[in-house]
Amino acid sequence: MDNRSTELAERVRSALVRAAVEAYEDAGLSGLCAEGRWEAAVGAIRTLDLRSVCGLEESGLPPAPESSRTASTLGDLPTIESRTDSPETP
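If you use the numbering used here, the sequence shown corresponds to residues 1 to 90, in order.
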């Protein structure tokens, strides 16, 4: 990976971690349980505007169409009980 790609990847990772931690902490202050806090953190990751993190909004490119955005609400998130992508434990 070249320096520019590495810098971009680091910027995206930092923004995702920051969004998740802030959402997790805010949810805790709101009285949510650990599962609710986790769902809030995942929701923050899913709704983070990656175009602005990557600097695409400033480049003069038009914003992404609504249909391609990954915005979701907490109600759209799978709960721990409803997850089907994790392996079953014996």
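From the three backbone atoms N, C-alpha and C, an ideal C-beta is built for every residue, glycine too.
Note that the structure is a prediction, hence the values are computed from the model and not measured.
Going by beta carbons, A9 and A23 fall outside the 8 Å limit. An exposed status is given to A34, since fewer than 16 other beta-carbon atoms sit within 10 Å of its beta-carbon. Counting only the Cα atoms, G31 lies some 15 Å from V21. In its chain, beyond the 5 residues on either side, A20, A23 and Y24 have a beta carbon closer than 7 Å to the beta carbon of A41. Listed in chain order, the non-local C-beta contacts of V53 below 7 Å within the same chain comprise R11, V12 and A15, local neighbours out to five positions each way being set aside.
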